[in-house]
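Inspection log for the structure reproduced underneath, given as structure tokens.
Number of protein chains: 2
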Amino acid sequence: MGKRPDFVQLKEVGPRDGLQNEKQFITTDDKVAWIDMLSNTGVTEIEYSSFVNPKWIPALADAKEVGKRIKRNPAVVYSALVPNIRGLENALEAGIDGASVFMSASETHNVKNINKSITETYPVLKQVIDEAKKEKKKVTGYVSTVFECPYEGKITPTQVMQVCDQLITSGVNDISLGDTIGSAVPSQVELLLDEILKRFPKEKIIMHFHDTRGMAIANIMTALNYGITRFDTSIGGLGGCPYAPGAAGNVATNDVLYLLHGLGISTGIQDKKVQEASIFIQNKLGKKLPSRSLAYVEGTG
Amino acid sequence: MGKRPDFVQLKEVGPRDGLQNEKQFITTDDKVAWIDMLSNTGVTEIEYSSFVNPKWIPALADAKEVGKRIKRNPAVVYSALVPNIRGLENALEAGIDGASVFMSASETHNVKNINKSITETYPVLKQVIDEAKKEKKKVTGYVSTVFECPYEGKITPTQVMQVCDQLITSGVNDISLGDTIGSAVPSQVELLLDEILKRFPKEKIIMHFHDTRGMAIANIMTALNYGITRFDTSIGGLGGCPYAPGAAGNVATNDVLYLLHGLGISTGIQDKKVQEASIFIQNKLGKKLPSRSLAYVEGTG
Chain G
1 MGKRPDFVQL
11 KEVGPRDGLQ
21 NEKQFITTDD
31 KVAWIDMLSN
41 TGVTEIEYSS
51 FVNPKWIPAL
61 ADAKEVGKRI
71 KRNPAVVYSA
81 LVPNIRGLEN
91 ALEAGIDGAS
101 VFMSASETHN
111 VKNINKSITE
121 TYPVLKQVID
131 EAKKEKKKVT
141 GYVSTVFECP
151 YEGKITPTQV
161 MQVCDQLITS
171 GVNDISLGDT
181 IGSAVPSQVE
191 LLLDEILKRF
201 PKEKIIMHFH
211 DTRGMAIANI
221 MTALNYGITR
231 FDTSIGGLGG
241 CPYAPGAAGN
251 VATNDVLYLL
261 HGLGISTGIQ
271 DKKVQEASIF
281 IQNKLGKKLP
291 SRSLAYVEGT
301 G
Chain Z
302 MGKRPDFVQL
312 KEVGPRDGLQ
322 NEKQFITTDD
332 KVAWIDMLSN
342 TGVTEIEYSS
352 FVNPKWIPAL
362 ADAKEVGKRI
372 KRNPAVVYSA
382 LVPNIRGLEN
392 ALEAGIDGAS
402 VFMSASETHN
412 VKNINKSITE
422 TYPVLKQVID
432 EAKKEKKKVT
442 GYVSTVFECP
452 YEGKITPTQV
462 MQVCDQLITS
472 GVNDISLGDT
482 IGSAVPSQVE
492 LLLDEILKRF
502 PKEKIIMHFH
512 DTRGMAIANI
522 MTALNYGITR
532 FDTSIGGLGG
542 CPYAPGAAGN
552 VATNDVLYLL
562 HGLGISTGIQ
572 DKKVQEASIF
582 IQNKLGKKLP
592 SRSLAYVEGT
602 G
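Protein chains in written order, with this note's numbering: chain G, 1 to 301; chain Z, 302 to 602.
Here it is as structure tokens:
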């Protein structure tokens, strides 16, 4: 256990990981207006869309247009999910500061998700990483199912370490460790971080929690106790769970801010602007988002 | 910080703290059927109702009939909320194993809630405690707003300690510390427990969290790290927040069990029976309960 940090950096993944898991298509105009609101919350990185084939993620089929139309705040890093070199070309045309590549720590999940074994995935990502770096873009490596896989069950820290090692060797700047199905409890976070932090400096590690069983804030608290300073969050808790309709998805930016600011940890992000952007997208979706803090603020008017 | 416990005891407060904050009246038949389900989950204590004047809590106006009709499982302690000697008489007639007296760590909240100053409250509780002990009943002292009061703002550990000292001196068996408005973050739990555990053995301390801003599981995790072994929880997260319509109330038994069992901590409680009892009361209320784990389980069907 380390000292809790004084400053934490959040990456807003609502426009990508959030919308990707919502059934409803948000119009390009609304996406652009909303991302522009997010750009003014004080957040320093926004994953604004995905350049995965629209056949797989129709909700984000307008990634290129969104990228071209959003107003770039120079204080914000705009990144996007990029599966392969073709996706990277589109992303570069649309404008990105960073590319996020992705794979799974579980062999089966990786195959189901990207139709390749883990070993077959590395060269595909390596090509993206090399090309992105040539263009002076930063690259984040997402590793999904780092605690549990919906097909294989528990994943060991050793399996995760192997993938992380390979990604770091391939040149990613940092790694985001994803509790993709939102099943971890704090003891699992401790076990993984005990291993990970032996090998990598904590600045390279981003934790990406889903709140599917309500554990995300406790898991983030645990990571903070290990000195972790970077988390992925989604505004309002936008984004469901593909394995359980009606269940919660990404941890809500709003709830994480309530935690961090309550702990006296700075983020540079303004709660009120996050609320406004949450209510905007909630109205567009026409349903309540899962964030508890948002529900409280709305209830108290 | 201590060692995390191997066994944790939950008190199911759904029939009292949960229903008390729901607008809808659940019929006596349904309450009895539901509490009988709860009696078979493996939980060792159930707060089955409140003997506060029904004028103040109409949802629990049938406390006496409920107490008389539920099937007593000898492995379960049946307790009820008792405000004064008149309430205790009714509770004794209905049958209780334990009485819960209550007051606030905040002067203003205490006055608003029970129309007496803190000092004026002690003799009223003392009378209940003495009489209950004469009848060989255990007595728990609820202290509400131990972190923050909706009227006075932050409450200091010193204020809480003063009330706890007086309650222990008055003869309560144990104390339940309530984050009544669900506003605490883990650093506040640490500050309070640092003080409380200097004075009282941890076995006498029960933590009672509300999940209003989504912090309850992280706060429970923090308390577990201090070796706390007793928590109040409400099935499905039943019970809203009187200060914010639509906001979450008591922490959900389901989510706490997911945490505890995931950590390898025993409770003696069967998840599946808790789910069944959650779905029973959810159907009676005709609305989704806030528990994330319950929503997940329902989604995966």
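The C-beta atom is built at its ideal place from N, Cα and C for all residues, glycine as well.
T342(Z) places its beta carbon 8 Å or farther from that of I566(Z). The beta carbon of L92(G) lies closer than 7 Å to those of E135 in the same chain, with the five residues before and after it left out.
In this model, K126(G) and Q162(G) are separated by some 16 Å (Cα to Cα).
Think of a sphere of 8 Å around the beta carbon of R514(Z): the chain G residues whose beta carbon falls inside it are D255, Y258, R292, S293, Y296, in chain order. Residue range 310-313 is occupied by the beta strand (DSSP E) that includes Q310(Z). In this structure, the beta-carbon distance from H410(Z) to C450(Z) falls below 8 Å. Beta-carbon to beta-carbon, S234(G) and N250(G) are separated by about 3 Å, close enough to satisfy the 8 Å threshold.
Listed along chain G, the residues sitting closer than 7 Å to P546(Z) by beta-carbon distance are G299. Legend: CB atoms of the segment 476-494 of chain Z lying less than 7 Å from CB atoms of chain G belong to residues V486, P487, S488. Within the segment 400-411 of chain Z, no residue has a Cβ lying closer than 9 Å to any Cβ of chain G. Runs of the beta strand (DSSP E) spanning 3 or more residues and lying entirely within the segment 30-58 of chain G occur at 45-50, in chain order. Think of a sphere of 8 Å around the beta carbon of C542(Z): the chain G residues whose beta carbon falls inside it are Y296, G299, in chain order. Closest in C-alpha terms to Q188(G), from the list M215(G), G171(G), K284(G), comes M215(G). Residue S291(G) holds the alpha-carbon nearest to the alpha-carbon of D255(G) among H210(G), F200(G), D29(G), S291(G). When 8 Å is used as the limit between beta carbons, L92(G) is near no residue of chain Z, the shortest such separation being about 38 Å. Nearest neighbour of N474(Z) by Cα position, chosen from W335(Z), S401(Z), A376(Z), L311(Z), turns out to be S401(Z).
Within the segment 359-446 of chain Z, the complete beta strand (DSSP E) segments at least 3 residues long are 378-382, 399-405, 439-445, listed from N- to C-terminus. In this chain, the alpha helix (DSSP H) harbouring T554(Z) covers 554-563. Secondary structure at S291(G): coil, using DSSP grouped into helix, strand and coil. The criterion of a C-beta distance shorter than 8 Å is satisfied by T530(Z) and Q310(Z).
When C-beta distances to chain Z are compared with 8 Å, the residues of the segment 194-224 of chain G below that value are D211, T212, R213, G214, M215, I217, A218, I220, M221, T222, in chain order. By the rule that beta-carbons nearer than 8 Å mark a contact, G171(G) does not touch chain Z. When DSSP states are grouped into helix, strand and coil, R199(G) belongs to the helix group.
The alpha-carbon of V429(Z) is positioned some 20 Å away from that of D318(Z). DSSP, reduced to helix, strand and coil, places M207(G) within a strand of the structure shown.
With the rule of 3 Cβ pairs closer than 8 Å, the segment 269-288 of chain G does not count as touching the segment 485-503 of chain Z. Chain-ordered listing is empty here: chain Z has no CB closer than 8 Å to the CB of L238(G), the nearest sitting near 15 Å. Of the candidates V461(Z), A553(Z), R305(Z), K589(Z), V461(Z) places its Cα closest to the Cα of I419(Z).
What A549(Z) touches in chain G, judged by beta-carbon distance under 9 Å, is R292, A295, Y296, going in chain order.
Of the other Cβ atoms in all chains shown, 16 or more fall within 10 Å of the Cβ of T446(Z); this residue is therefore buried.
Within chain G, the residues whose beta carbon sits less than 8 Å from that of L564(Z) are V185, P186, S187, listed in sequence order. Under the three-state reduction of DSSP output, K304(Z) falls in the coil class, being neither helix nor strand. Per DSSP, I518(Z) lies in no beta strand (DSSP E) segment; the continuous alpha helix (DSSP H) that holds it begins and ends at 517-526. Shown here, K154(G) sits in a strand according to DSSP, grouped into three states.
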